[in-house]
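In the working numbering, the protein residues as written are 83 to 380.
Ideal Cβ placement from N, Cα and C applies to all residues, glycine included.
Here is the structure we will look at.
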Ligand code: HEM
């Protein structure tokens, strides 16, 4: 999947629409690689679906159905709307979307959040104090989604992480549907437009100390990540903005909450500088993998 994401990023055909781009992609072997990768991904998706068909949720130890179980159930329900029937191909498309657009991006954001927290002990301490004051988990119980609502500072930490480290820093490309004028620039019809949300989130015109990790900057601020505040757009904006935003936020908040509730974290070598260099293309990851030592707290 990750290889597909890499090969599927901006191609010559995007930059030179028409014959030239297609020819360049053909000569560079990109078409062949994509074709091969699609075959591999299709086999992988068939495995996932077969596994679920062989082991329906009621026959496994799972305590709740996963999304593939739910989609298979919908598919098999007789009362499906005649005008739109969910098929195995739709199901494959949805699973692929979740893998390509959802798993990587959410994991990347959690890694950046943990990196920033360890680099900023003041913020880590404040976040853990809040969590350990408001959350009490009894034995054999789990932290659940409702617990997150009690944690205002944790939410600010995630917001600040999304400002500084939007997982998809260039959003998805757009093409203008007519000639437009923006801030004095004439943009012709059918122009390929890329929005750099990474630099928007660090623009000193809008952010004080933009490179600093300061979750408190969002206290009493109307600026949010939901596509309405153009000072930060980690999930994009408009009708093609990220449809997985709510699921991503729930996953990230709950994930980081679990990490901070159960463990204390430190660098393997105390006091060592943490390299925050970035790497990637469609998604931007931490170039030097994050290595932290956990100590069990609860
Ligand atoms: C931190 C996590 C995530 C980030 C930062 C993120 C970010 C984005 C961004 C920037 C876009 C392009 C929006 C635009 O150009 O206006 C996008 C599109 C998309 N995202 Fe996410 N995303 C995340 C998680 C997820 C999850 C969990 C899912 C699914 C479960 C998901 C599914 C999608 C899909 C399907 C699109 C394409 C929408 C379209 O083209 O109409 N994303 N995401």
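Query raised in the report: Tell me, which residues are paired with residue 125 by DSSP?
Result: Translated into positions along the chain shown, residue 125 becomes position 43. DSSP output for residue 125 lists no bridge partner at all.
**Report entry** Rounded distance between the beta-carbons of residue 372 and residue 193, thought under 8 Å
**Finding:** Reading the chain shown from its first residue, position 111 is the one you call residue 193. Reading the chain shown from its first residue, position 290 is the one you call residue 372. Yes, residue 193 and residue 372 are in contact; Cβ-Cβ is about 5 Å, under 8 Å.
**Report entry** Proximity test, Cβ basis, 9 Å: residue 365 and chain D
**Finding:** The structure shown has no chain D; it contains just one protein chain.
Query raised in the report: residue 244 and residue 277: beta carbons closer than 9 Å?
Result: Here residue 244 is taken as the residue at index 162 of the chain shown, counted from 1. Here residue 277 is taken as the residue at index 195 of the chain shown, counted from 1. Cβ atoms of residue 244 and residue 277: not closer than 9 Å.
Query raised in the report: Helix or strand or just coil, what does DSSP make of residue 174?
Result: Here the question's residue 174 lines up with position 92 in the chain shown. Three-state result, residue 174: helix.
Query - Residues of its chain near residue 272, where Cβ-Cβ distance is below 7 Å and the 5 sequence neighbours each way are ignored - result: Stepping through the chain shown from its first residue, residue 272 is reached at position 190. Excluding sequence neighbours, residue 272 sits near 257 and 258.
**Report entry** Residues that residue 362 bridges to, as DSSP identifies them
**Finding:** Looking up residue 362 in the chain shown gives position 280. Bridge partners of residue 362: 366.
Query raised in the report: Between which two residues does the alpha helix (DSSP H) containing residue 245 stretch?
Result: Here residue 245 is taken as the residue at index 163 of the chain shown, counted from 1. 234-246 is the span of the alpha helix (DSSP H), which, as asked, contains residue 245.
Query raised in the report: Should residue 100 go down as buried or exposed, given a rule of 16 or more other Cβ atoms within 10 Å for buried?
Result: Taking the chain shown and counting its residues from 1, one reaches residue 100 at position 18. Looking at its Cβ environment, which holds fewer than 16 other Cβ atoms inside 10 Å, residue 100 is exposed.
Report task. Confirm the yes/no value for this check: CB of residue 166, any heavy atom of ligand 1, distance under 8 Å. Result -> Stepping through the chain shown from its first residue, residue 166 is reached at position 84. Result no, Cβ not under 8 Å from ligand 1.
Query - Straight-line Cα distance separating residue 157 from residue 169 - result: Translated into the one-based positions of the chain shown, residue 169 becomes position 87. Translated into the one-based positions of the chain shown, residue 157 becomes position 75. Each residue's Cα considered, the two are about 7 Å apart.
**Report entry** Chain-order list of residues whose beta-carbon lies under 8 Å from that of residue 330 (same chain, five-residue window excluded)
**Finding:** For the purposes of this step, residue 330 is identified with residue 248 of the chain shown, where counting begins at 1. So the qualifying residues of the chain are 184, 187, 188, 191, 317 and 324.
Report task. Can you check DSSP and say which residues form a bridge with residue 346? Result -> For this step, residue 346 is matched to residue 264 along the chain shown. Residue 346 pairs with 377.
Requested in this report: Mind listing, in chain order, the continuous alpha helix (DSSP H) runs of no fewer than 4 residues lying wholly within the segment 239-295?
Outcome: 279-282
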